[in-house]
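Taking it in order: structure first as structure tokens, then the write-up.
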Amino acid sequence: MTQAQSGAQMYALAKRLWPICRSLTGDGVRQTLAIMQELLPTLMVHEVPSGTPAFDWQVPAEWRVRDAYIADLDGNRLVDFQQHNLHLVGYSTPIDAIMSREELEPHLYSLPHQPTAIPYVTSYYRQHWGFCLSQQQRDALPAGPFRVQIDSELFAGALSYGEWYLPGESQEEVLLSTYVCHPSMANNELSGPVVAVELARWLASAPRRLSYRLLLLPETIGSIVYLSRHLPQLQQRLKAGFVMTCMGDERTYSYLASRRGNTLADRVALHVLQHRDPHFQRYSFLQRGSDERQYCSPGVDLPVVSMMRSKYGTYPEYHTSLDNLSLITPAGLQGSLEMLQQAIGVLELDRYPQATVCCEPQLGKRGLYPTISTRESGYQVRTMMNLLAYADGQHSLLELAELLNQPFATLEALCCRLEAEGLLRSGDAPRTEPLRL
Amino acid sequence: MTQAQSGAQMYALAKRLWPICRSLTGDGVRQTLAIMQELLPTLMVHEVPSGTPAFDWQVPAEWRVRDAYIADLDGNRLVDFQQHNLHLVGYSTPIDAIMSREELEPHLYSLPHQPTAIPYVTSYYRQHWGFCLSQQQRDALPAGPFRVQIDSELFAGALSYGEWYLPGESQEEVLLSTYVCHPSMANNELSGPVVAVELARWLASAPRRLSYRLLLLPETIGSIVYLSRHLPQLQQRLKAGFVMTCMGDERTYSYLASRRGNTLADRVALHVLQHRDPHFQRYSFLQRGSDERQYCSPGVDLPVVSMMRSKYGTYPEYHTSLDNLSLITPAGLQGSLEMLQQAIGVLELDRYPQATVCCEPQLGKRGLYPTISTRESGYQVRTMMNLLAYADGQHSLLELAELLNQPFATLEALCCRLEAEGLLRSGDAPRTEPLRL
Amino acid sequence: MTQAQSGAQMYALAKRLWPICRSLTGDGVRQTLAIMQELLPTLMVHEVPSGTPAFDWQVPAEWRVRDAYIADLDGNRLVDFQQHNLHLVGYSTPIDAIMSREELEPHLYSLPHQPTAIPYVTSYYRQHWGFCLSQQQRDALPAGPFRVQIDSELFAGALSYGEWYLPGESQEEVLLSTYVCHPSMANNELSGPVVAVELARWLASAPRRLSYRLLLLPETIGSIVYLSRHLPQLQQRLKAGFVMTCMGDERTYSYLASRRGNTLADRVALHVLQHRDPHFQRYSFLQRGSDERQYCSPGVDLPVVSMMRSKYGTYPEYHTSLDNLSLITPAGLQGSLEMLQQAIGVLELDRYPQATVCCEPQLGKRGLYPTISTRESGYQVRTMMNLLAYADGQHSLLELAELLNQPFATLEALCCRLEAEGLLRSGDAPRTEPLRL
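Chains as they are written, first to last, in numbering that gives the first Met the number 0: chain A, 0 to 436; chain B, 0 to 436; chain C, 0 to 436.
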């Protein structure tokens with residue numbers, strides 16, 4: 000599949016998922032996961048009953064909404080959930096009432112400085128109802144009174160999440176975690192799920208050394224629930240993890256560190272981004288806001304970072320109706336896919352090469368010197384000599400790539416060639432004994 | 000007591016101590032300590048006989064001076080110790096002679112570039128006599144001859160020093176060390192003793208965890224004598240120590256590092272000063288000049304730093320008659336008092352908090368989220384979440400305060416609240432085992 | 000011997016060695032080593048037969064050349080090896096032929112951008128012949144045909160190298176390594192050998208603590224052959240090593256790091272150069288190009304750095320006939336000699352001083368305070384006090400010299416004086432136990 004094809008495919012999936020009204024729980028999540036199962040047949044959907052304890056939390060009530068609107072007394076719908084999912088505050092309690100403008104006002108949410116944007120508002124843990132509308136709509140509302148109708152339910156149901164596991168040669172695993180709780184918004188968050196699905200299909204297309212686990216969760220409560228059930232296993236097996244969020248626009252690349260800041264996930268992400276775009280944005284764990292909050296919490300301490308395009312909270316369309324399908328592009332999604340593919344390439348292929356001969360080897364007799372000398376071939380020989388000169392069995396290819404300021408893939412290809420020539424021999428861990436050749 | 004009151008009280012004590020002629024030894028020191036005993040009844044005064052060995056040194060002879068002047072032959076006093084203590088070189092030997100201007104000259108000390116200042120000169124370890132005077136006075140001296148009279152004595156007496164000990168719950172102790180050997184000078188050095196006395200009274204006003212030891216010493220020989228008698232105990236018990244010197248003016252705050260530079264005393268001092276005044280002066284141990292020279296010497300190696308206002312040697316009035324009571328202020332002294340109180344606050348309250356639940360706790364159900372959201376309350380919640388997110392039992396509150404760029408007291412207050420809620424549990428030392436919750 | 004004398008002597012030796020046609024092997028190397036034996040009678044010359052294996056390499060055939068030229072058909076020599084050694088490509092195979100300009104062209108080497116320079120070209124490991132000439136000469140060549148004559152031989156002979164060993168009190172040794180394979184070029188490389196010989200004579204002139212080993216090698220293959228025979232002994236005994244190359248001009252000083260970058264050799268070289276010339280050039284191991292490539296290769300891992308004037312590859316005359324005796328000077332060579340002498344001074348004299356008394360000692364009673372106080376003497380006393388204040392037995396004199404920003408020799412002289420006074424006691428290694436005095 001060409002780059003253009005996979006970009007277009009991801010964009011098409013985003014378009015298909017767009018209209019569904021997702022929330023923490025409910026049928027919108029189930030419909031979303033069902034569509035993903037078409038593409039990932041082994042995707043499992045788990046249902047966790049409302050009230051189930053999860054560390055300091057409980058699975059909340061399930062939310063169902065059939066209709067919601069503000070109308071005038073002639074029945075003309077002025078703000079209509081059927082028109083846009085964002086018009087209704089998430090987890091709104093039911094209401095059917097006639098009220099004055101004054102009574103309605105505390106339940107309206109708009110953005111005076113972004114007059115065309117409908118804001119995204121939820122009230123998961125405080126019983127509340129409300130409508131979101133653009134400032135222009137709000138200004139145009141008549142004097143009232145209004146008919147306010149929310150045909151919703153909060154009931155003992157379940158929280159749904161998806162889990163897809165791809166076993167590799169080793170039980171050591173890579174975690175990919177993204178969100179299925181955002182209603183019609185694109186960068187945050189249809190981009191994460193659609194890139195994740197494409198990445199999973201790519202992973203499944205060939206055997207790999209490591210195992211992979213993809214989680215499609217409602218944010219916060221989803222990862223807390225998952226961790227409450229599987230933490231010891233994750234702590235034992237996890238090599239590195241990536242929160243996949245805000246992956247659809249083309250403005251920049253971003254990395255948000257783990258709490259410790261120096262895990263393998265951090266080092267891999269930093270290396271990949273430095274070579275992908277030297278101007279990428281680097282955020283500290285102090286600027287966290289996604290599920291790394293749970294994965295990196297004290298006592299959980301998993302090596303998880305976020306890899307993004309424009310980070311949540313940093314772009315003007317964030318958490319409004321302006322974060323729509325025109326904000327994300329096939330190329331934007333494709334860049335994110337490749338970023339993760341490169342990170343996985345490092346995790347799959349990193350190793351500790353060591354030279355098998357003392358002193359520089361004679362490259363000439365092995366045909367490793369180019370017969371025609373060009374600037375390019377000279378540069379490649381220099382990199383090959385550098386790899387040999389630093390391959391002391393105590394530095395990984397990733398460390399050498401950093402030291403030699405080379406993309407991992409370039410160095411790894413040279414390493415393969417030198418291993419084939421018998422000039423390097425690689426191990427899974429640093430040598431502890433001084434080399435005796 | 001309000002800030003203004005304690006500042007005024009310290010200033011008043013400085014004024015009362017001002018006229019006394021202090022030196023390494025002698026009745027001036029004893030009078031000074033006696034006045035301090037009025038305020039600190041448990042202050043003990045120790046007398047160490049002249050000739051007592053102390054490491055590489057010996058306690059010097061005691062110095063007594065009754066009168067000293069240079070007069071013309073008509074008996075008019077031209078330079079008169081009764082007018083200012085600084086007119087006489089400290090430890091001057093006795094003389095009663097008539098001499099020419101030429102004979103007198105090598106015994107006169109003035110500062111051509113500070114023509115109104117009387118310099119401060121001593122000759123503790125070389126037998127010598129001399130007079131200090133302003134350049135203006137010197138220029139106005141008649142042609143001579145002169146009557147030179149110093150009615151002094153160097154005799155086998157004692158060195159006096161004060162020691163005040165406040166026991167706490169723990170034998171671990173904090174050392175506070177300052178000087179009682181400077182004659183009429185204010186910043187260097189009535190400020191250190193008067194702040195020390197006020198600090199001691201504050202310490203004694205409530206029970207505390209740590210023990211406190213205040214030393215009122217003649218500089219250099221005093222700390223050497225003290226260390227020669229008590230070093231093993233100090234090495235066993237000392238948690239942190241502070242040399243209190245030059246604490247009276249308002250121009251700046253200063254810190255001078257210990258030799259190792261990274262002791263607890265260093266880290267506490269740096270933290271307190273960063274938040275008190277980001278423009279504070281930072282000096283290396285290479286710029287030392289006070290009793291940290293002894294406390295940090297090889298083989299002694301105590302965790303001691305200096306906390307100051309304008310450091311000795313850096314301000315124009317230093318070691319002259321211009322370092323007088325107009326240089327120091329109640330507010331200057333008060334700032335130094337608070338700086339030490341804050342440092343002691345850190346030493347008393349630092350601990351290693353660890354989260355008691357995996358993942359973020361639900362603050363809402365505990366009422367820890369503000370009901371009315373303001374910029375201030377949002378900021379506080381963010382800091383609280385950060386504290387929870389980093390509380391892994393391996394970083395102390397002081398380290399977390401540095402990491403989160405918060406004053407220690409702010410974080411400590413949040414820590415208390417979260418401990419009360421059961422969300423944090425704190426220990427005295429970093430966890431060595433991974434947390435299993 | 001004065002500085003001017005030793006500079007002149009080194010320059011004279013360079014002049015004497017200049018005309019000899021050196022290469023990887025052959026009589027030019029043997030003549031060069033024979034002249035050096037006149038100055039270093041204990042210099043041993045080793046002969047290693049062609050074909051002898053050395054790690055990944057084999058000793059190449061020996062090369063002998065009697066004559067070589069390009070002539071017109073009248074016998075006029077147009078390019079003549081007798082005129083300049085560089086005219087013949089090193090290791091050229093024999094030929095005796097008449098050929099057209101077109102046939103000749105692929106065997107000619109010149110530098111269009113340096114039209115007066117004859118380049119230096121070799122073909123050690125690919126059978127080839129060629130002539131080097133200035134671009135001006137090349138442009139002036141007639142149309143042809145040409146008589147091309149190279150009276151050379153490649154035969155089973157030997158590789159020759161020199162080794163000089165000076166035993167000291169300890170078997171711990173210092174390696175000095177330089178090249179004898181460069182034909183008539185001056186900075187790279189007659190400067191290294193002539194400075195090395197002078198340094199060896201200086202070393203032999205007085206007893207020293209360490210042992211010294213000087214290697215006079217053909218580059219690359221020479222060090223590979225040597226290491227293949229002596230690696231375990233070097234790994235056991237080597238304290239520090241220096242590649243001596245490009246030591247003759249006056250433009251700058253340069254240092255090229257070992258692979259690890261923090262060996263004793265690195266720290267010594269950096270210290271010496273910082274005080275010799277704060278503007279010295281600092282190169283990473285990534286910019287390597289001399290025998291540190293072998294000494295620092297994985298599995299060899301010796302603490303070896305290069306100390307140079309203008310580094311190979313960085314100056315315009317490099318590897319051309321312009322790198323001649325006018326590029327190097329007696330003063331340039333002398334500076335390099337002193338640089339190595341200073342480095343050896345540190346290696347010989349470094350130690351771990353510790354104070355023998357607690358607290359500052361009383362310098363006055365020992366006459367260590369100057370009786371007449373000047374700015375200079377005050378500075379010296381300050382440095383002496385600093386040495387005493389930091390001499391905790393855990394930092395070497397070299398580390399203290401860095402910390403106090405003093406030349407090693409200054410600090411070492413003060414250390415001797417304080418040892419003589421009994422105020423310092425020095426050990427060969429850092430103290431592992433806390434000092435108890």
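Each residue gets a CB set at the ideal place from its N, CA and C atoms; glycine is no exception.
Asked: Anticipated Cβ contact below 8 Å, Pro231 (chain C) with Ala264 (chain C), distance rounded; Found: 19 Å between Cβ atoms; not a contact.
Asked: With 16 other Cβ atoms within 10 Å as the buried cut-off, status of Glu197 (chain A); Found: buried
Asked: Cβ of Gly363 (chain B) within 8 Å of any chain A Cβ; Found: yes
Asked: CB contact below 8 Å: Leu436 (chain B) versus chain A; Found: For Leu436 (chain B), the predicted model reports a pLDDT of 48, less than 50, meaning its position is unreliable; a value from the coordinates is still stated below. It does; some Cβ of chain A falls within 8 Å.
Asked: Run of the beta strand (DSSP E) containing Thr177 (chain A), from where it starts to where it stops; Found: 172–178
Asked: With 16 other Cβ atoms within 10 Å as the buried cut-off, status of Glu101 (chain B); Found: exposed
Asked: Rounded separation between Val147 (chain C) and Leu23 (chain C) - CA only; Found: 24 Å
Asked: Tyr317 (chain B) at chain C interface by Cβ criterion, 8 Å; Found: no
Asked: Residue from B:Ser151, B:Tyr282, B:Arg228, B:Cys295 with nearest C-alpha to His93 (chain B); Found: In the sequence as displayed, the identity of residue 93 (chain B) is Pro instead of His. Measuring from the Cα of Pro93 (chain B), the nearest candidate turns out to be B:Ser151.
Asked: Candidates A:Val64, A:Arg63, A:Phe80: closest to Ala70 (chain A) by CA position; Found: A:Phe80
Asked: Outcome for Thr1 (chain A) when other beta-carbon atoms lying within 10 angstroms are tallied against a minimum of 16; Found: exposed
Asked: Cβ neighbour criterion (16 or more within 10 Å) applied to Lys310 (chain A); Found: buried
Asked: Cβ-based contacts, 8 Å cut-off: residues of the segment 228–244 of chain A near chain B; Found: Leu230
Asked: For Met43 (chain A) and Val179 (chain A), the rounded distance between their alpha carbons; Found: 14 Å
Asked: Asn186 (chain B), buried or exposed, once every other Cβ within 10 Å from all chains shown has been counted against 16; Found: buried
Asked: Val356 (chain B) at chain A interface by Cβ criterion, 8 Å; Found: yes
Asked: According to DSSP, residues forming a beta bridge with Gln148 (chain C); Found: C:Tyr68, C:Asp95
Asked: Contacting residues, own chain, Cβ-Cβ under 6 Å from Leu436 (chain C) (five flanking each side not counted); Found: Because Leu436 (chain C) carries a pLDDT of 48, less than 50, the predicted location of this residue cannot be relied on, and the following value inherits that uncertainty. Within the same chain, Leu436 (chain C) has close Cβ partners Cys357.
Asked: Same chain only: Cβ atoms within 6 Å of Pro429 (chain C), ignoring 5 sequence neighbours per side; Found: Tyr351, Gln393
Asked: The segment 104–120 of chain A contacting the segment 129–140 of chain A, beta-carbon criterion three pairs below 8 Å; Found: yes
Asked: Residues that Tyr378 (chain A) contacts on chain C, provided the C-beta gap is smaller than 9 Å; Found: The contacting residues do not exist; Tyr378 (chain A) stays about 13 Å from chain C at best.
Asked: Sequence-distant residues of its chain with Cβ nearer than 6 Å to Tyr282 (chain B) (five each side left out); Found: Leu255
Asked: Coarse secondary structure for Cys415 (chain C), derived from DSSP in three states; Found: helix
Asked: Heavy atom of the ligand COA within 7 Å of Glu398 (chain C) beta-carbon; Found: As far as ligands go, the structure on display features none, and thus does not contain the ligand COA.
Asked: Stretch pair the segment 236–243 of chain B + the segment 339–354 of chain B: three plus CB contacts closer than 8 Å; Found: yes
Asked: Chain A contacts made by the segment 270–295 of chain C, where a contact means CB separation under 8 Å; Found: Phe284, Leu285, Arg287, Arg292, Gln293, Cys295
Asked: is_contact[Pro391 (chain C), chain B] using C-beta, thresh 8 Å; Found: Residue identity check: residue 391 (chain C) is Asp in the sequence provided, not Pro. True, the Cβ-Cβ gap to chain B drops below 8 Å.
Asked: Close Cβ partners of Gln57 (chain A) (< 6 Å) along its chain, the five nearest in sequence each way excluded; Found: Gly50
Asked: Nearest-angstrom Cα separation, counted from Leu215 (chain A) out to Leu38 (chain A); Found: 14 Å
Asked: Cβ of Asp265 (chain C) within 8 Å of any chain A Cβ; Found: no
Asked: Exposed unless 16 or more other CB atoms sit within 10 angstroms - verdict on Arg381 (chain B); Found: exposed
Asked: Nearest residue (CA-CA) to Ser190 (chain A), options A:Ile19, A:Glu316, A:Met307, A:Pro114; Found: A:Met307
Asked: CB contact below 8 Å: Tyr124 (chain C) versus chain A; Found: yes
Asked: Spatial neighbours of Pro141 (chain B) in its chain, beta-carbon cut-off 7 Å, leaving aside the 5 residues before and after; Found: Asp71
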